[in-house]
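Novice: Dropping a structure here in structure tokens format, bear with me for questions.
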Amino acid sequence: MTRDPAALRLVNGVLWPGFTGRTVPDWLARALDRGLAGVVYFGHNIDEADAHQPARLSAAIRGIRPNALIGIDEEGGTVTRLEALRGSRFASHAQLGRLDDLGATRRTGRMIGAQAATAGATVVLAPVADVNTNPANPVIGVRSFGADTALVSRHVAAMVHGLADAGIAACVKHFPGHGDTHTDSHLALPRLNLSWAEVQRDHLPPFVAAVEAGVRAVMTAHIVLPHFGELPATLNPRVLGLLREVGFEGAIVTDALDMAAIRSTFGAGPGAVRALLAGADLLCIGNPSNLGPNQGRTTDQQDYLAVRDALLAALDDGTITVAALEAAGARNAELARPGPGPGSDSDSDTADAPATAELTTAALAAQDANSRRIVRAAIEVRGELAPLPRALTVIDVRDRPNFAEGPRPDVFCTELASAFDLTRVVTGSAPGAATDTALTVPASSALVVLADRLAVPGPQRDAVYALAALRPDLVTVNSGLAAPAGGTALIDCLGASAVTARVVRDLLVGVSA
């Protein structure tokens with residue numbers, strides 16, 4: 001296999017790996033010096049106790065490769081990397097969609113962009129353009145602006161503009177739409193069992209809106225669309241070609257190649273070759289801390305080398321060409337160039353979220369106040385919140401967080417513990433577990449249940465209804481998609497961010513005895 005320096009630089013120019021640790025490992029430094037496109041940050045790369053650490057890490061990377069692309073998942077709501085341990089300070093897409101205030105969405109995009117820019121990132125892997133038409137979707141849910149195509153389209157465009165206002169390139173995801181899937185692509189390969197006419201009508205318009213808004217990158221979905229054959233979209237030239245047909249000229253970015261939808265079907269290395277042949281430009285290798293089903297532990301360097309060496313071998317045998325690598329690398333280099341910054345049509349309200357290299361205490365306070373207003377306006381309370389005693393028991397029946405969310409901080413209990421004498425019990429949704437626990441809670445203690453999958457029938461809804469039958473004073477805090485109250489007071493949150501938890505605490509404190 002060739003180790004020609006020019007060939008190595010060509011291949012490295014289309015690779016976007018993750019890495020472990022909070023400093024630049026030796027293998028990554030060598031790869032950056034040899035033309036690596038950049039890196040993607042995950043929560044384990046961030047020291048939240050040191051506000052300056054992400055910027056130092058970014059500076060170290062750019063000290064080796066000045067135009068390195070640094071990407072990060074910062075969607076607001078449940079998905080954050082910069083605040084993975086304490087929870088995001090920003091509203092979720094679903095909260096913004098319920099509010100349906102395009103100015104608020106643009107401001108939120110600009111605030112997220114300002115935070116990412118402070119960390120040294122240049123690309124934010126957002127907004128989510130998936131139209132969540134399946135309420136049982138295991139991986140999108142409140143990450144989407146909603147189930148209405150027109151609503152999602154206008155908020156996707158607003159978020160793209162907001163990120164650009166902060167000088168950040170948006171990477172809209174997951175093309176051509178992950179909103180009607182029944183399988184998490186981190187765990188298996190989903191099929192989108194819709195006609196092509198349905199996909200065109202319901203799922204493509206938000207991506208077209210993003211292109212019209214000037215989005216600079218689009219992330220692919222690891223999903224099969226039967227109309228285009230059995231290859232997942234990431235590896236399917238007919239699907240990726242649709243992006244060029246609607247006028248998109250930017251970088252096509254793969255979702256992580258270490259996800260089971262690719263790794264367990266084609267393999268990350270062969271999948272990378274197929275993705276490049278299909279028209280992808282930037283190959284996201286993945287999160288080395290995530291172990292999917294039946295996945296043996298590998299190092300960050302091994303993950304990178306598996307993909308790099310597969311591409312080098314494909315270049316050697318003529319499967320991929322120098323011209324293809326040069327074209328993809330050129331689009332990635334264009335993505336690395338600074339964006340245009342604030343547009344002339346930026347709304348005046350955006351001024352309260354300055355995009356600066358260093359967010360001041362005043363700027364952070366303005367962000368927090370802005371987010372609080374947005375989240376409070378989006379949260380719905382159904383039923384009557386009765387006065388609560390000081391003693392409070394919280395029963396948590398939520399599912400484990402999915403791979404997209406990453407480790408989930410206990411934001412609700414953290415906030416509630418600051419206002420109540422709190423007892424927390426995690427039961428999950430196993431039949432009878434929650435009610436058995438509730439029977440041990442004294443009548444003098446208020447009872448709150450945390451849930452996140454009440455929009456569809458299932459074990460969580462059964463558990464909440466059973467708890468309500470035992471305790472009519474039950475308060476349900478639902479961080480998932482909107483759901484029926486089930487006979488109890490219900491706080492419908494549409495997200496599990498830190499700011500959401502603070503608003504929930506204030507609602508409960510506001511009626512406490």
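Taking the UniProt record's numbering, the leading residue of the sequence shown gets 1, the next gets one more, and so forth.
Glycine included, each C-beta is placed from N, C-alpha and C at the ideal position.
Grab me the residues of Asn-132's own chain with a C-beta within less than 7 Å of its C-beta, minus the 5 sequence neighbours each way, in chain order.
Specialist: Ile-140, Gly-141, Ser-144, Gly-146, Ala-147 and Gly-179.
Novice: Can you tell me which of Asp-399, Ser-289 and Ile-320 puts its alpha carbon nearest to the alpha carbon of Ala-275?
Specialist: Ile-320
Novice: For Ala-463, which residues in the same chain have their Cβ closer than 6 Å to its Cβ, ignoring the five residues on either side in sequence?
Specialist: Val-397, Ser-429 and Ala-434
Novice: Sort Leu-96, Leu-277, Leu-194 and Thr-423 by Cα distance to Ala-324 and report the nearest one.
Specialist: That would be Leu-277, whose Cα lies nearest to the Cα of Ala-324.
Novice: Can you list, in chain order, the stretches of the alpha helix (DSSP H) that have 4 or more residues and sit fully within the stretch 126–168?
Specialist: 149–165
Novice: Using 10 angstroms around the beta-carbon of Gln-302, count the other beta-carbons present and answer buried if the total reaches 16, otherwise exposed.
Specialist: exposed
Novice: Within 8 Å, do at least three Cβ pairs link the stretch 151–168 to the stretch 119–133?
Specialist: Using a Cβ-Cβ distance cut-off of 8 Å, the stretch 119–133 and the stretch 151–168 are in contact, since at least three pairs of beta carbons, one from each stretch, lie closer than that value.
Novice: Closer than 6 Å by C-beta to Val-426: which residues in its own chain qualify, once you throw out the five before and the five after it? Chain order, please.
Specialist: Asp-396
Novice: Looking only at its own chain, which residues have a Cβ that is under 6 Å from the Cβ of Ala-483, when we skip the five neighbours before and after it?
Specialist: Here the set comprises Leu-454 and Ala-455.
Novice: Where Gly-495 and Leu-467 are concerned, what is the direct C-alpha to C-alpha distance, given to the nearest angstrom?
Specialist: 22 Å
Novice: Out of curiosity, what's the CA-to-CA distance linking Ala-94 and Val-503?
Specialist: 16 Å
Novice: What is the residue span of the beta strand (DSSP E) that Asn-478 lies within?
Specialist: 475–478
Novice: Beta-carbon within less than 6 Å of Arg-505's beta-carbon, same chain only, minus the 5 sequence neighbours each way: which residues are those?
Specialist: Glu-415, Leu-416 and Ala-419
Novice: Using a Cβ-Cβ cutoff of less than 7 Å, which residues in the same chain neighbour Val-375 once the five nearest sequence positions on both sides are dropped?
Specialist: Counting only Cβ-Cβ distances below 7 Å, and skipping sequence neighbours, we find Ala-91, Gln-95, Val-499, Thr-500 and Val-503.
Novice: Please report how far the alpha carbon of Ala-6 lies from the alpha carbon of Leu-283, in whole angstroms.
Specialist: 19 Å
Novice: For Ile-252 versus Val-199, is the C-beta distance shorter than 8 Å?
Specialist: no
Novice: Evaluate contact between the stretch 239–248 and the stretch 186–193, counting only Cβ atoms and requiring at least three cross-stretch pairs below 8 Å.
Specialist: no
Novice: How many Å lie between Glu-74 and Leu-125 at the Cα?
Specialist: 6 Å
Novice: Using 8 Å as the threshold, is the C-beta distance between Val-160 and Ala-210 below it?
Specialist: Less than 8 Å divides the Cβ of Val-160 from the Cβ of Ala-210.
Novice: So what does DSSP say about Cys-171, is it helix, strand or coil?
Specialist: strand
Novice: Run through DSSP, which three-state label would Asp-492 get?
Specialist: DSSP, read as helix, strand or coil, puts Asp-492 in strand.
Novice: In the stretch 63–90, which residue ranges form an unbroken beta strand (DSSP E) of at least 3 residues, counting only runs that do not cross its ends?
Specialist: Listed in chain order, they are 69–72.
Novice: Hey, is the stretch 471–478 in contact with the stretch 165–175, meaning 3+ C-beta pairs nearer than 8 Å?
Specialist: no
Novice: For residue 519, I'd like the list of residues in its chain whose CB is within less than 8 Å of its CB, leaving aside the five on either flank, ordered along the chain.
Specialist: Beyond the ends of the chain as shown, which are 1 and 513, falls residue 519; an answer cannot be given.
Novice: Considering just the uninterrupted stretch of the beta strand (DSSP E) at Asp-396, what are its terminal residues?
Specialist: 391–396
Novice: Tell me, please, whether the stretch 39–51 touches the stretch 62–79 by the rule of three or more beta-carbon pairs shorter than 8 Å.
Specialist: The stretch 62–79 and the stretch 39–51 touch, with three or more beta-carbon pairs separated by less than 8 Å.
Novice: So, at 7 Å on beta carbons, what are the nonlocal neighbours of Ala-310 in its own chain, with the 5 sequence-adjacent residues on each side left out?
Specialist: Gly-269, Pro-270, Ala-272 and Val-273
Novice: Per DSSP, Pro-338 is paired with what?
Specialist: Its beta-bridge partners do not exist; DSSP assigns none.
Novice: Can you give me the start and stop residues for the alpha helix (DSSP H) that Glu-380 sits inside?
Specialist: Per DSSP, Glu-380 belongs to no alpha helix (DSSP H); it is in the beta strand (DSSP E), 380–382.
Novice: What separation, rounded to the nearest whole angstrom, lies between the Cα atoms of Ala-328 and Ala-280?
Specialist: 7 Å
Novice: Let me check understanding here. Comparing Cα to Cα, which of Ser-371, Ala-469, Gly-383 and Ile-491 lies closest to Gly-104?
Specialist: A small fix is needed here, since residue 104 is Ala in this sequence, not Gly. The shortest Cα separation from Ala-104 among Ser-371, Ala-469, Gly-383 and Ile-491 belongs to Ser-371.
Novice: With burial defined as no fewer than 16 other Cβ atoms inside 10 Å of the residue's Cβ, what is the status of Arg-201: buried or exposed?
Specialist: exposed
Novice: What does DSSP give as the partner residues of Tyr-41 in its beta bridges?
Specialist: Ile-72
Novice: Would a C-beta distance cut-off of 8 Å place Pro-288 and Thr-20 closer than the cut-off?
Specialist: yes
Novice: Please look up how many angstroms separate the CB atoms of Ile-285 and Asp-258, rounded, as I've assumed it's under 8 Å.
Specialist: Going by Cβ atoms, the distance from Ile-285 to Asp-258 rounds to 6 Å, so yes, they are a contact pair.
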